[in-house]
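Report on the structure given below.
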Amino acid sequence: MNLAIHYYPVENLVEYKRNPRKNDDVVNRMCASIREFGFRIPIVAKSDGTVVDGHLRLKAARKLGMESIPVVLSDNLNEPQTKFSVTGKSIS
Numbered sequence: 001m002n003l004a005i006h007y008y009p010v011e012n013l014v015e016y017k018r019n020p021r022k023n024d025d026v027v028n029r030m031c032a033s034i035r036e037f038g039f040r041i042p043i044v045a046k047s048d049g050t051v052v053d054g055h056l057r058l059k060a061a062r063k064l065g066m067e068s069i070p071v072v073l074s075d076n077l078n079e080p081q082t083k084f085s086v087t088g089k090s091i092s
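Those letters in the sequence shown? Residues 1 to 92, per our numbering, in order.
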């Protein structure tokens with residue numbers, strides 16, 4: 001399986017409605033990282049624009065006034081898989 005990177009307008013991306021993370025306190029650090037190193041890791045989203053992974057990067061992109069950002073599509077995930085992808089990283 002090959003991953004393709006698409007560029008989506010930031011305004012077309014929406015946060016997953018069940019994302020439990022409240023990470024507004026680190027948005028400024030992410031902004032600084034993007035300014036210094038560029039947007040290095042694509043956001044993972046469904047083709048309808050729902051973000052599966054990368055909510056913090058999306059918030060930073062909005063704050064920086066970026067018009068479009070790199071996205072890898074994950075339309076193959078069902079709702080339980082999407083929920084785990086969004087919440088699962090906090091398990092460890």
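A virtual CB, placed ideally from N, CA and C, is assigned to each residue, including glycine. None of these values were measured; they are calculated from a predicted model.
* Which of helix, strand or coil DSSP assigns to Ser92 -> The predicted model places Ser92 with a pLDDT of 38, which falls under 50 and marks its position as unreliable; any figure quoted below should be read in that light. Three-state DSSP puts Ser92 in coil, outside helix and strand.
* In whole angstroms, what separates the C-alpha of Ala4 from that of Ala45? -> The alpha-carbon atoms of Ala4 and Ala45 are separated by roughly 12 Å.
* To do: Put Ile34 into one of helix, strand or coil per three-state DSSP.
  => In the three-state reduction of the DSSP assignment, Ile34 falls in the helix class, which pools H, G and I.
* Asked: Excluding sequence positions up to five away, which residues of its chain have a Cβ less than 8 Å from the Cβ of Arg29?
  -> Taken in chain order, the list of residues that qualify is empty.
* To do: State buried or exposed for Ala32, treating a residue as buried only when at least 16 other CB atoms are found within 10 Å of its CB.
  => Counting the other Cβ atoms within 10 Å of the Cβ of Ala32 gives fewer than 16, which makes it exposed.
* Asked: Short check: CB of Val10 to CB of Arg62, under 7 Å?
  -> Yes, these two residues count as a Cβ contact at 7 Å.
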